[in-house]
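Structure record follows, encoded as structure tokens.
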Amino acid sequence: MDAPSNFPAITFCNHQPFSSRAYELWRSGEIISPTQFSKLLKNAADYYLNASQSKNQSFPQEAGFFAFEFDTVKMYYQNLDWQKSKLLGHERNQSIYMCLFRYSGGNLVIGGPGCHDDMIIIRERSHPHHFNCHTVEVSQAYSQEVQELGLIIWLGPNENYNVQYRQAFLMDLFEQAYGLRVAIHEPGQLANLDSQGIQIEPGRMNELNFDAVKTIHQETPRKPCIHQPKQMYTDLEQEYNYEFELCLNTHLQNLLITQCTCLYAYLPRVKLPNISLPYCGHLITTNNQSLDTTGILTRKECVRNILSKSAILKKSFEDNGLCLRRCELVDYESTASVTTWRSTRWQLHWSQETSAALEVLFSLPMDVQNVNNTNDKALKNLQVYFRTDNLSLITSNFHEKDSLTEAYGFSDRYTYLLVKRKSNDTIVKAETLVLTLNALVSRIGGLCSLYIGMTFAVFIEFIEFFYIFLLRNGLLTVSNKNNNDKNKNDKQKNMDDNDIENKLDQNCQLDKNNLSSPSSSPSTLHLNNKKSVNQFLTLTKSNNNSDFIDYQSNPQFEFPSSECTQLIETTDAKSVKNQNNNNNDNKVNDSPLILKNNFNESVDSFQPLKPVNNRSLNDLNKQKVKKCSI
Numbered sequence: 001m002d003a004p005s006n007f008p009a010i011t012f013c014n015h016q017p018f019s020s021r022a023y024e025l026w027r028s029g030e031i032i033s034p035t036q037f038s039k040l041l042k043n044a045a046d047y048y049l050n051a052s053q054s055k056n057q058s059f060p061q062e063a064g065f066f067a068f069e070f071d072t073v074k075m076y077y078q079n080l081d082w083q084k085s086k087l088l089g090h091e092r093n094q095s096i097y098m099c100l101f102r103y104s105g106g107n108l109v110i111g112g113p114g115c116h117d118d119m120i121i122i123r124e125r126s127h128p129h130h131f132n133c134h135t136v137e138v139s140q141a142y143s144q145e146v147q148e149l150g151l152i153i154w155l156g157p158n159e160n161y162n163v164q165y166r167q168a169f170l171m172d173l174f175e176q177a178y179g180l181r182v183a184i185h186e187p188g189q190l191a192n193l194d195s196q197g198i199q200i201e202p203g204r205m206n207e208l209n210f211d212a213v214k215t216i217h218q219e220t221p222r223k224p225c226i227h228q229p230k231q232m233y234t235d236l237e238q239e240y241n242y243e244f245e246l247c248l249n250t251h252l253q254n255l256l257i258t259q260c261t262c263l264y265a266y267l268p269r270v271k272l273p274n275i276s277l278p279y280c281g282h283l284i285t286t287n288n289q290s291l292d293t294t295g296i297l298t299r300k301e302c303v304r305n306i307l308s309k310s311a312i313l314k315k316s317f318e319d320n321g322l323c324l325r326r327c328e329l330v331d332y333e334s335t336a337s338v339t340t341w342r343s344t345r346w347q348l349h350w351s352q353e354t355s356a357a358l359e360v361l362f363s364l365p366m367d368v369q370n371v372n373n374t375n376d377k378a379l380k381n382l383q384v385y386f387r388t389d390n391l392s393l394i395t396s397n398f399h400e401k402d403s404l405t406e407a408y409g410f411s412d413r414y415t416y417l418l419v420k421r422k423s424n425d426t427i428v429k430a431e432t433l434v435l436t437l438n439a440l441v442s443r444i445g446g447l448c449s450l451y452i453g454m455t456f457a458v459f460i461e462f463i464e465f466f467y468i469f470l471l472r473n474g475l476l477t478v479s480n481k482n483n484n485d486k487n488k489n490d491k492q493k494n495m496d497d498n499d500i501e502n503k504l505d506q507n508c509q510l511d512k513n514n515l516s517s518p519s520s521s522p523s524t525l526h527l528n529n530k531k532s533v534n535q536f537l538t539l540t541k542s543n544n545n546s547d548f549i550d551y552q553s554n555p556q557f558e559f560p561s562s563e564c565t566q567l568i569e570t571t572d573a574k575s576v577k578n579q580n581n582n583n584n585d586n587k588v589n590d591s592p593l594i595l596k597n598n599f600n601e602s603v604d605s606f607q608p609l610k611p612v613n614n615r616s617l618n619d620l621n622k623q624k625v626k627k628c629s630i
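Quick note on the UniProt record's numbering: the sequence shown kicks off at 1 and runs consecutively.
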């Protein structure tokens with residue numbers, strides 16, 4: 001609120017490009033007139049037409065170029081020396097009839113012809129269609145205080161004035177207008193009349209109300225921008241501040257200069273046109289008597305090929321970082337309103353006379369003696385205004401007498417342009433990141449939950465899953481090691497059992513295939529082989545039904561030797577140890593001992609053994625075999 005921006009610059013161009021001075025220059029022959037220029041073009045077209053008829057050919061394309069396409073005001077502009085073209089256009093003092101300023105406090109300041117004031121900066125710009133354009137800017141010190149700026153602009157001589165010098169430009173019929181083309185833009189910028197310009201009617205009061213809109217672009221990796229650029233760009237003799245479109249057009253102009261060796265008039269003229277670097281539309285020789293038909297057609301084709309790819313080329317300039325958008329810029333959004341300007345001849349006359357006199361007086365030091373000596377004319381004009389009773393009897397001879405509107409003498413030859421602020425506020429449009437990191441995570445979570453049922457808890461479960469997965473991989477490695485140790489122990493046990501059998505067979509000198517017959521004495525059982533030993537162990541455990549094997553309570557067995565007794569004790573101890581281990585792994589073990597079926601093959605009276613309870617191996621090793629005889 002109440003943060004005014006700088007007052008915009010106002011660029012205006014007259015649709016009637018030629019001033020009254022231009023007719024004098026044409027009449028004197030100092031500058032080729034539009035009529036003479038058109039005559040040269042028509043002669044060239046007639047030449048190509050005659051050449052085609054002699055060869056029985058159709059209408060040649062070259063004749064169409066010279067007779068119609070080249071007969072325009074912009075081609076005429078490009079065939080003039082750039083300094084002489086400025087002489088044909090409107091001058092500042094002649095174009096700006098009056099100006100006025102209104103400050104925020106309501107104070108009104110009126111300026112005379114040319115609007116010469118310390119707070120005003122006026123620059124002249126050369127344009128191929130309008131010739132001389134003018135840009136009015138308020139100085140930085142007063143820019144934020146000015147509320148409105150008014151310009152009374154003269155539109156030039158009557159259309160029928162010395163028409164014999166302007167019998168040309170047939171194809172401009174659809175582009176000709178009467179009035180002004182105006183653009184309001186940032187101070188120091190080169191106005192783009194094609195995109196920013198609006199039409200101003202003659203003889204009207206045209207009011208433009210604007211809002212200042214400040215745009216702040218967000219700098220991103222894909223769309224970088226530049227902060228407060230200092231680089232300046234040139235158009236003929238004028239320098240302008242950096243602007244993105246101006247930068248692109250400048251690089252495009254440099255490309256045209258390199259490839260086509262000419263200056264394109266509608267792009268910034270980075271160099272002054274001359275004989276070695278002419279405008280691309282230049283076709284008149286130095287003596288203004290003939291045309292360079294070959295050179296103009298070659299340059300025309302070269303320019304056409306490059307401009308047809310202008311969009312691609314500008315995009316490449318931006319992508320390569322040659323031109324970047326400004327991070328902060330100000331646009332002026334305006335609305336136009338038009339009404340009849342109720343001005344009279346005497347009002348315009350006396351407003352101009354008095355404002356000019358006051359401007360002269362206020363521009364000098366406050367010295368009455370100096371004022372009386374050097375500004376008698378200004379003082380006399382004021383005295384005439386003060387002493388005249390009927391102001392309508394005295395009118396200026398400056399205006400045209402053949403006005404279209406009799407009631408308001410200057411209505412068709414002048415126009416009134418008034419540019420006003422809507423308010424002191426500045427509208428700020430700032431780009432922000434729509435999808436921040438937090439918003440991105442939130443949207444991903446919401447979409448996952450909505451479409452695939454995934455929530456944040458799922459990610460936690462994924463983490464837990466990977467943790468367990470890694471943990472189990474580590475446990476599997478340990479488990480495999482335990483299995484290897486177990487397999488190794490089992491293998492060692494089997495080796496020990498085989499070793500026991502071998503020792504039984506060797507030391508006890510038994511026949512492996514000989515088993516004591518059931519018909520033997522029931523009180524004595526000879527341990528002839530491994531099966532006999534197993535039967536001994538099984539029978540003893542079954543009959544006693546005790547926690548240990550008591551060899552002394554089984555006198556029916558005879559042992560071959562003491563070594564056999566030790567081997568039997570060892571075998572039985574290992575069996576009990578294995579059984580104890582199985583009982584520890586399985587809380588209830590109902591399976592019989594591993595020796596239960598060995599004896600049933602030959603002794604039917606033996607019953608399956610019951611599980612042996614856990615006992616200490618030390619108690620088992622204390623048992624002694626009573627007798628072992630051969």
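Backbone N, C-alpha and C define an ideal beta-carbon position, used for all residues, glycine too.
- Query: Can you tell me whether Glu461 is buried or exposed, with buried defined as 16 or more other CB within 10 angstroms of its CB?
  - Reply: Position 461 of the sequence shown, counted from the first residue, corresponds to residue 461. Looking at its Cβ environment, which holds fewer than 16 other Cβ atoms inside 10 Å, Glu461 is exposed.
- Message: Need the endpoints of the alpha helix (DSSP H) that Glu353 sits in, please.
- Response: Here residue 353 corresponds to residue number 353 of the sequence shown, with the count starting at 1. Per DSSP, Glu353 belongs to the alpha helix (DSSP H) from Arg345 to Phe362.
- Query: Between Leu391, Asn390, Glu353 and Ser363, which lies nearest to Lys380 when the distance is taken from Cα to Cα?
  - Reply: One-based indexing of the sequence shown puts residue 380 at position 380. That would be Glu353, whose Cα lies nearest to the Cα of Lys380.
- Message: For Leu322 and Glu175, I'd like the C-alpha separation in whole angstroms.
- Response: Taking the first residue of the sequence shown as 1, we reach residue 322 at position 322. Taking the first residue of the sequence shown as 1, we reach residue 175 at position 175. Leu322 and Glu175: Cα-Cα distance of roughly 35 Å.
- Message: Using C-beta distances below 6 Å, list every residue in its chain close to Cys115, excluding the 5 sequence neighbours before and after it, in chain order.
- Response: As a first step, residue 115 is located in the sequence shown; it is residue number 115 there, counting from the start. Answer for Cys115: Ile96 and Cys99, listed in chain order.
- With distances taken from CA atoms, which of Asn424, Arg325 and Asn249 is nearest Leu307? For the purposes of this step, residue 307 is taken as residue 307 along the sequence shown, with counting starting at 1. When each option's Cα is compared against that of Leu307, the closest is Asn249.
- Which residue or residues does DSSP assign as beta-bridge partners of residue 712? Any answer about residue 712 is impossible in this case: the structure gives the chain only from 1 up to 630.
- Between Arg338 and the rest of its own chain, which residues show a CB-CB distance below 8 Å, the 5 nearest in sequence each way excluded? The count along the sequence shown starts at 1 and reaches residue 338 at position 338. Note that residue 338 is Val in the sequence shown, not Arg. If we look at Val338 and ignore the five residues flanking it on each side, its Cβ neighbours are Glu201, Arg204, Met205, Asn206 and Glu207.
- As assigned by DSSP and simplified to three states, the class of Glu243: As a working mapping, residue 243 is identified with position 243 in the sequence shown. Glu243 falls in the coil class under three-state DSSP.
- Item | Inter-residue spacing [alpha-carbon to alpha-carbon] between Ala439 and Cys448 | For the purposes of this step, residue 439 is taken as residue 439 along the sequence shown, with counting starting at 1. For the purposes of this step, residue 448 is taken as residue 448 along the sequence shown, with counting starting at 1. Roughly 14 Å between the two C-alpha positions.
- Query: Out of curiosity, what's the CA-to-CA distance linking Thr215 and Ile427?
  - Reply: Within the sequence shown, the letter at position 215 stands for residue 215. Within the sequence shown, the letter at position 427 stands for residue 427. Whole-angstrom Cα-Cα distance: 8 Å.
- Task: Compute the Euclidean distance between the alpha carbons of residue 631 and Asp235, then round it to the nearest angstrom.
- Result: The requested residue 631 does not occur in the structure, where the chain is confined to residues 1 to 630.
- Message: Here's a check: name, in chain order, each residue in its chain whose Cβ is nearer than 8 Å to the Cβ of Leu87, leaving out the five neighbours to either side.
- Response: Counted from its first residue, the sequence shown places residue 87 at position 87. So the list reads Arg21, Ala22, Leu25 and Ile31, once near-sequence residues are dropped.
- Query: How long is the line joining the alpha carbons of Asp71 and Gly29, rounded to whole angstroms?
  - Reply: On the sequence shown, position 71 is the one that residue 71 refers to. On the sequence shown, position 29 is the one that residue 29 refers to. Going from the Cα of Asp71 to the Cα of Gly29 covers about 20 Å.
- Message: Please report the straight-line C-alpha distance between Leu263 and Phe386, rounded to a whole angstrom.
- Response: Along the sequence shown, read from residue 1 onward, the residue named residue 263 stands at position 263. Along the sequence shown, read from residue 1 onward, the residue named residue 386 stands at position 386. When rounded, the distance between both Cα atoms is 56 Å.
- Message: I need the straight-line Cα distance from Ser19 to Asn162, nearest angstrom please.
- Response: Here residue 19 refers to the residue found at position 19 when the sequence shown is read from its first residue. Here residue 162 refers to the residue found at position 162 when the sequence shown is read from its first residue. If I take the Cα positions, the gap works out to 12 Å.
- Query: How many angstroms separate the CA atom of Asp331 from the CA atom of Pro221?
  - Reply: Here the question's residue 331 lines up with position 331 in the sequence shown. Here the question's residue 221 lines up with position 221 in the sequence shown. When rounded, the distance between both Cα atoms is 25 Å.
- Item | Neighbour-count burial assignment, Thr11, 16 or more Cβ in a 10 Å radius | Here residue 11 corresponds to residue number 11 of the sequence shown, with the count starting at 1. Flag for Thr11 reads buried.
- Task: Using a threshold of 8 Å, state whether the C-beta atoms of Leu361 and Gly150 are closer than that.
- Result: Start at 1 with the first residue of the sequence shown, and residue 361 comes out as number 361. Start at 1 with the first residue of the sequence shown, and residue 150 comes out as number 150. For Leu361 and Gly150, no; Cβs fall outside 8 Å.
- Tyr77 beta carbon less than 8 Å from that of Phe7: Mapped onto the sequence shown, residue 7 falls at position 7. Mapped onto the sequence shown, residue 77 falls at position 77. For Phe7 and Tyr77, no; Cβs fall outside 8 Å.
- Item | Gln16, DSSP secondary structure in three states | Within the sequence shown, residue 16 is the residue found at index 16, counting from 1. Correct three-state label for Gln16: coil.
- Query: Where does Glu243 land, buried or exposed, given buried means 16+ other C-beta within 10 angstroms?
  - Reply: Numbered from 1 along the sequence shown, position 243 holds the residue referred to as residue 243. That one is buried.
- Query: Which one of Thr261, Leu391 and Thr335 has the shortest CA to CA distance from Glu301?
  - Reply: If you number the sequence shown from 1, residue 301 lands on position 301. The candidate whose alpha carbon is nearest that of Glu301 is Thr261.
- Item | Span separating the alpha-carbon of His15 from that of Asn43 | As a working note, residue 15 is residue 15 in the sequence shown. As a working note, residue 43 is residue 43 in the sequence shown. About 28 Å.
- Three-state secondary structure (DSSP) at Glu461? Stepping through the sequence shown from its first residue, residue 461 is reached at position 461. The answer is helix: DSSP assigns Glu461 an H, G or I state.
- Message: According to DSSP, simplified to helix, strand and coil, what is Gly295?
- Response: Working through the sequence shown from its first residue, we reach residue 295 at position 295. Helix.
- Item | Selected residue, minimal CA-CA separation from Asn287, among Gly112, Ile121, Gln36 and Pro4 | By one-based count along the sequence shown, residue 287 stands at place 287. Nearest C-alpha to Asn287: Gln36.
- Message: Distance check for His217 and Thr432, CA to CA, integer angstroms please.
- Response: As a first step, residue 432 must be located in the sequence shown, where it is residue number 432. As a first step, residue 217 must be located in the sequence shown, where it is residue number 217. For Thr432 and His217, the distance between alpha carbons rounds to 8 Å.
- If we ignore side chains and look at the alpha-carbon of each, how far apart do Leu435 and Phe469 end up? The residue you call residue 435 lines up with position 435 of the sequence shown. The residue you call residue 469 lines up with position 469 of the sequence shown. Going by the C-alpha atoms only, they are around 36 Å apart.
- Item | One or two residues paired with Asn209 in a DSSP bridge | As a working note, residue 209 is residue 209 in the sequence shown. According to DSSP, which records beta bridges pairwise, Asn209 is partnered with Thr335 and Lys420.
- Item | the ligand FMN heavy atom lying under 7 Å from the CB of Leu193 | Ligands are entirely absent from the displayed structure, and the ligand FMN is therefore not among its contents.
- With a CB to CB cut of under 8 Å and the five nearest residues on each side skipped, what residues in its chain are close to Ile226? Residue mapping note: residue 226 aligns to position 226 of the sequence shown, counting from 1. Contacts found: Tyr242, Leu324, Arg325, Arg326 and Cys327.
- Secondary structure, alpha helix (DSSP H): runs of 4+ residues fully inside the stretch 19-51: 20-28
- Query: Which whole-angstrom value describes the C-beta separation of Ser334 and Asn254, a residue pair presumed to lie in contact below a C-beta threshold of 8 Å?
  - Reply: Numbered from 1 along the sequence shown, position 334 holds the residue referred to as residue 334. Numbered from 1 along the sequence shown, position 254 holds the residue referred to as residue 254. Ser334 to Asn254, Cβ: 33 Å. No contact.
- Message: Once DSSP output is grouped into helix, strand and coil, what is the label at Ile275?
- Response: Residue mapping note: residue 275 aligns to position 275 of the sequence shown, counting from 1. DSSP places Ile275 in coil when its eight states are reduced to three.
- Item | Contacting residues, own chain, Cβ-Cβ under 7 Å from Gln259 (five flanking each side not counted) | Translated into the one-based positions of the sequence shown, residue 259 becomes position 259. Counting only Cβ-Cβ distances below 7 Å, and skipping sequence neighbours, we find Cys302 and Ile306.
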